[in-house]
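Engineer: Protein chains in written order, with my numbering: chain L, 326 to 676; chain Z, 326 to 676. Cβ atoms here follow ideal geometry from the backbone N, Cα and C, with glycine treated the same way.
2 protein chains.
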Amino acid sequence: MRIAILAHEKFPHRAKTALGVLRYTDDEVVAVLDRNNPGRRVTEFVPDVRDAPIVESMAELVDHDHGRGRDQDRNQDIDALLIGISPIGGAFDESWREDVRTALEAGCDVISGLHYFLGEDEEFAALAADHGCETRDVREPPEGLSVSQGIADEVSAEVVLTVGTDCSVGKLTTTMELARAAQEAGHDAAVIPTGQTGIMIEGWGNPIDRVVSDFTAGAVEEMILERGDEHDYLFVEGQGSIVHPAYSGVTAGILHGSMPDRLVLCHTAGTEVIHGYESFALPPIERYVEQYESFAEPVRETEVVAGALNTADLESDADARASLDEFATAIDGPATDVIRFGTDEILDAVI
Amino acid sequence: MRIAILAHEKFPHRAKTALGVLRYTDDEVVAVLDRNNPGRRVTEFVPDVRDAPIVESMAELVDHDHGRGRDQDRNQDIDALLIGISPIGGAFDESWREDVRTALEAGCDVISGLHYFLGEDEEFAALAADHGCETRDVREPPEGLSVSQGIADEVSAEVVLTVGTDCSVGKLTTTMELARAAQEAGHDAAVIPTGQTGIMIEGWGNPIDRVVSDFTAGAVEEMILERGDEHDYLFVEGQGSIVHPAYSGVTAGILHGSMPDRLVLCHTAGTEVIHGYESFALPPIERYVEQYESFAEPVRETEVVAGALNTADLESDADARASLDEFATAIDGPATDVIRFGTDEILDAVI
Numbered sequence: 326m327r328i329a330i331l332a333h334e335k336f337p338h339r340a341k342t343a344l345g346v347l348r349y350t351d352d353e354v355v356a357v358l359d360r361n362n363p364g365r366r367v368t369e370f371v372p373d374v375r376d377a378p379i380v381e382s383m384a385e386l387v388d389h390d391h392g393r394g395r396d397q398d399r400n401q402d403i404d405a406l407l408i409g410i411s412p413i414g415g416a417f418d419e420s421w422r423e424d425v426r427t428a429l430e431a432g433c434d435v436i437s438g439l440h441y442f443l444g445e446d447e448e449f450a451a452l453a454a455d456h457g458c459e460t461r462d463v464r465e466p467p468e469g470l471s472v473s474q475g476i477a478d479e480v481s482a483e484v485v486l487t488v489g490t491d492c493s494v495g496k497l498t499t500t501m502e503l504a505r506a507a508q509e510a511g512h513d514a515a516v517i518p519t520g521q522t523g524i525m526i527e528g529w530g531n532p533i534d535r536v537v538s539d540f541t542a543g544a545v546e547e548m549i550l551e552r553g554d555e556h557d558y559l560f561v562e563g564q565g566s567i568v569h570p571a572y573s574g575v576t577a578g579i580l581h582g583s584m585p586d587r588l589v590l591c592h593t594a595g596t597e598v599i600h601g602y603e604s605f606a607l608p609p610i611e612r613y614v615e616q617y618e619s620f621a622e623p624v625r626e627t628e629v630v631a632g633a634l635n636t637a638d639l640e641s642d643a644d645a646r647a648s649l650d651e652f653a654t655a656i657d658g659p660a661t662d663v664i665r666f667g668t669d670e671i672l673d674a675v676i
Numbered sequence: 326m327r328i329a330i331l332a333h334e335k336f337p338h339r340a341k342t343a344l345g346v347l348r349y350t351d352d353e354v355v356a357v358l359d360r361n362n363p364g365r366r367v368t369e370f371v372p373d374v375r376d377a378p379i380v381e382s383m384a385e386l387v388d389h390d391h392g393r394g395r396d397q398d399r400n401q402d403i404d405a406l407l408i409g410i411s412p413i414g415g416a417f418d419e420s421w422r423e424d425v426r427t428a429l430e431a432g433c434d435v436i437s438g439l440h441y442f443l444g445e446d447e448e449f450a451a452l453a454a455d456h457g458c459e460t461r462d463v464r465e466p467p468e469g470l471s472v473s474q475g476i477a478d479e480v481s482a483e484v485v486l487t488v489g490t491d492c493s494v495g496k497l498t499t500t501m502e503l504a505r506a507a508q509e510a511g512h513d514a515a516v517i518p519t520g521q522t523g524i525m526i527e528g529w530g531n532p533i534d535r536v537v538s539d540f541t542a543g544a545v546e547e548m549i550l551e552r553g554d555e556h557d558y559l560f561v562e563g564q565g566s567i568v569h570p571a572y573s574g575v576t577a578g579i580l581h582g583s584m585p586d587r588l589v590l591c592h593t594a595g596t597e598v599i600h601g602y603e604s605f606a607l608p609p610i611e612r613y614v615e616q617y618e619s620f621a622e623p624v625r626e627t628e629v630v631a632g633a634l635n636t637a638d639l640e641s642d643a644d645a646r647a648s649l650d651e652f653a654t655a656i657d658g659p660a661t662d663v664i665r666f667g668t669d670e671i672l673d674a675v676i
């Protein structure tokens, strides 16, 4: 599939869906849309993901004459426009409307992980119908979810869950890197995607933060029961944080629903407050370890066995190493930056 | 309003919506439907709620001739049939269909707190339209909910949240009794209903276990912000339990979203395992206190200040008192059975 990724004004670091897809998709990325940086390239901002040109709008990528009697699907053979931003609350930004409209008019599908479902937008639904393409809302949960039975621990796979000190601290990245490293080491490992970016990358999964709250744990359990006897390891993408004022319910449901054998704590070096909720200080790392383990324990005894620290804001490797040492001491286990230093230092502890 | 309450085969103790409404509604209860106990009366089973006859079916309550040309609304002037059972998963039991059908054909509204929405059932929707009545699904969340802002502590009211060792341990009852006792003591107190029974009793509220999981905390916060400057005390109905394999996400969201000043721990004397999840043992009471307080703390420092113990299964008051003493020691605070002994012993600690 050939895709374009919309990331206006948020690229790279506040467009985590865009970044996740750029890092892990098997699709071909034709361009990133960012009206703040037209003419530049992805790797000028983020070195270690696949490169693509940055353009101002969808109009640059499709045939401008399509409205004047020529074939409507004569664009640069782009199959889909993907919304690469996940704002708090999941709302649609009206400044994106023209790009979505242009994509649909050119016959491109539009893939979105927003809480706002494009399929329920009258204009987009009509355009998709008129132009033989579709809107795909990956955050729309499937039918038939229900409450957890408390039996995820019955599968034969070992279950490893990433947990975090906050949102956007690398839980998806750590999950993907560990699963790939386990596969490369000869293990049969799979990812259990729980959020829009993971679902876009893996092509399946339940968007846990969007399910009925009573079914939070059940929607994770369902996926583990479905895949857990087919693999030796399941790497479950965690969400939110157990101390988050808004999202702790999702985190709690995933922690109990997945009944994990082991936890990997993810954190961004140097952060001190909850992003977007700056009046809430992050507790000490030791406290997170204790909180995650003691919260899980009545349902499933588990342990933080390793740490994944995002050190991208630290320029020197020496500083990153110092920061990692401190983090490893706090969690009393091995730690790495899975992007900067790879997963070798923690893989043995995790599998 | 004159209502009938459906509680087939579950009355009284597995029909907690029926019991809650019988205890606290201002409506007139014409009858309870329970095909296991026709001809008996509510107070033969539960002494301390409003009495009503028990009948076998809705057909006994409405004019049997209504289908043969007579006025379709000639029933015993019943305004609504209320579904008084909340099964795990919230499914509709097909054995109830005939009663719902009969009610709608007689022009009665049907009020339900099930996850299964009666309004989306084609037969019921058609019958309601034909007979000028309506189905009311109180578990259908309102539009416009969103994520928590983490500001529930800014309201002027003191916020008291009931938390529990399990589901069905008296959180609604304790909330209602404490709010009424506070009012009787001259305080301006209100209830924040978070579940179907509370919403049926109070006539408003967000069904937290049914909202999008990302909005769990936000849906509680919204209610507290709406009412929190109009009253001196808000009594928030808690849900589930922080150790529940299926529902802990809902509990966690309410705990962080409500940012409570004080917690009241509810428990049923003598229970040792999670209801419906019997492989999970209840932790010691001391552990619950620690777990609730430490979970809340990064968002809002709070304390379990009192306990509410359901001692209905203990015949003698002496046994109940002994059980209460043990519970009070475990929580290191005053405890009562709010139904058996009233709220006097804990009210001072709570407000």
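Please report the distance separating the alpha-carbon of M584 (chain L) from that of I567 (chain L).
Structural biologist: In a straight line, the C-alpha of M584 (chain L) is about 15 Å away from that of I567 (chain L).
Engineer: Just the C-alpha distance for R665 (chain L) and G565 (chain Z), rounded to the nearest angstrom, thanks.
Structural biologist: Roughly 42 Å separates the two Cα atoms.
Engineer: Once DSSP output is grouped into helix, strand and coil, what is the label at L439 (chain Z)?
Structural biologist: In the structure shown, L439 (chain Z) sits in coil (DSSP, three-state: anything other than H, G, I, E or B).
Engineer: Answer yes or no: do S573 (chain Z) and K341 (chain Z) have a C-beta to C-beta separation smaller than 7 Å?
Structural biologist: Contact: no.
Engineer: Say whether the stretch 527-535 of chain Z touches the stretch 376-387 of chain Z, bearing in mind that this needs 3 or more beta-carbon pairs closer than 8 Å, one atom from each stretch.
Structural biologist: Contact fails: fewer than three Cβ-Cβ distances are below 8 Å.
Engineer: Assign N361 (chain Z) to buried or exposed, taking buried as 16 or more other Cβ atoms, counted over all protein chains shown, within 10 Å of its Cβ.
Structural biologist: Exposed, by the Cβ-count rule.
Engineer: Under 7 Å between the Cβ atoms of T473 (chain L) and G543 (chain L)?
Structural biologist: Going by the sequence as given, residue 473 (chain L) is Ser instead of Thr. Yes. Within cutoff.
Engineer: From which residue to which residue does the beta strand (DSSP E) around Y602 (chain L) run?
Structural biologist: 602-606 is the span of the beta strand (DSSP E), which, as asked, contains Y602 (chain L).
Engineer: Which residue or residues does DSSP assign as beta-bridge partners of N635 (chain L)?
Structural biologist: L:T593, per the DSSP bridge assignment.
Engineer: List the residues of chain L that T541 (chain Z) touches, going by C-beta distances under 7 Å, in chain order.
Structural biologist: Neighbours of T541 (chain Z) on chain L, chain order: S538, G574.
Engineer: What does the Cβ neighbour count give for R399 (chain Z), buried or exposed, with the cut at 16 atoms within 10 Å?
Structural biologist: Any reading at R399 (chain Z) is ruled out, since the residue's pLDDT is 45, under 50, leaving its predicted position unreliable.
Engineer: Once the 5 residues before and after H456 (chain L) are set aside, which same chain residues still bring their CB inside 7 Å of it?
Structural biologist: The residues are Q397, L429, E430, G432.
Engineer: Nearest by alpha-carbon distance to A633 (chain Z): which of Z:V355, Z:H569, Z:L503 is it?
Structural biologist: The shortest Cα separation from A633 (chain Z) among Z:V355, Z:H569, Z:L503 belongs to Z:L503.
Engineer: Within the continuous alpha helix (DSSP H) that includes E334 (chain Z), where are the two ends?
Structural biologist: Looking at the DSSP string, E334 (chain Z) is not in any alpha helix (DSSP H), and its letter there is neither H nor E.
Engineer: Note down, in chain order, each residue of its chain lying with its Cβ closer than 6 Å to the Cβ of G582 (chain L), except the 5 sequence neighbours on either side.
Structural biologist: The residues are S473, A542, V545, E546.
Engineer: To which residues does DSSP link L406 (chain Z) through a beta bridge?
Structural biologist: BP columns for L406 (chain Z) point to Z:A329, Z:V435.
Engineer: Would you mind telling me which residues of chain Z sit closer than 8 Å to V472 (chain L), beta carbon to beta carbon, in chain order?
Structural biologist: Here the neighbours are I413, G414, A571, Y572.
Engineer: Check R393 (chain L) in the structure and name its three-state DSSP category.
Structural biologist: Bear in mind that a pLDDT of 40 at R393 (chain L), under 50, signals an unreliable position, so the number given afterwards is only what the model happens to contain. The answer is helix: DSSP assigns R393 (chain L) an H, G or I state.
Engineer: Could you tell me which of Z:H440, Z:V425, Z:I408, Z:R426 sits nearest to G415 (chain Z), measuring between CA atoms?
Structural biologist: The residue with the shortest Cα to Cα distance from G415 (chain Z) is Z:H440.
Engineer: Along the chain, where does the alpha helix (DSSP H) containing F652 (chain Z) start, and where does it finish?
Structural biologist: Looking at the DSSP string, the run of the alpha helix (DSSP H) that includes F652 (chain Z) is 642-656.
Engineer: Count the C-beta pairs between the stretch 603-616 of chain Z and the stretch 548-564 of chain Z that are closer than 8 Å, then say yes if the count reaches three, no if not.
Structural biologist: No, the stretch 603-616 of chain Z does not touch the stretch 548-564 of chain Z.
Engineer: Would you please verify whether the beta carbon of H338 (chain L) is less than 7 Å from any beta carbon of chain Z?
Structural biologist: No, no contact with chain Z.
Engineer: Please look up how many angstroms separate the CB atoms of P709 (chain L) and I599 (chain L), rounded, as I've assumed it's under 8 Å.
Structural biologist: Outside the modelled stretch of chain L, which goes from 326 to 676, sits residue 709 (chain L), for which no answer is possible.
Engineer: Does L470 (chain Z) come out as helix, strand or coil in the three-state DSSP assignment?
Structural biologist: It is coil, neither helix nor strand.
Engineer: Quick one: which residues of the stretch 409-442 of chain Z get their C-beta closer than 8 Å to a C-beta of chain L? List them in chain order.
Structural biologist: Correct list: I413, G414, G415, H440.
Engineer: Could you tell me whether the Cβ atoms of S538 (chain L) and V488 (chain Z) are closer together than 7 Å?
Structural biologist: No, Cβ-Cβ distance for S538 (chain L) and V488 (chain Z) is not below 7 Å.
Engineer: Starting from the C-beta of P372 (chain L), find all residues in its chain whose C-beta is less than 7 Å away, skip the five residues before and the five after it, and write them out in chain order.
Structural biologist: Excluding residues within five positions, none has a Cβ falling inside 7 Å.
Engineer: What residue from L:F540, L:D402, L:L406, L:L590 has the CA that sits closest to V575 (chain L)'s CA?
Structural biologist: Comparing Cα positions, the closest option is L:F540.
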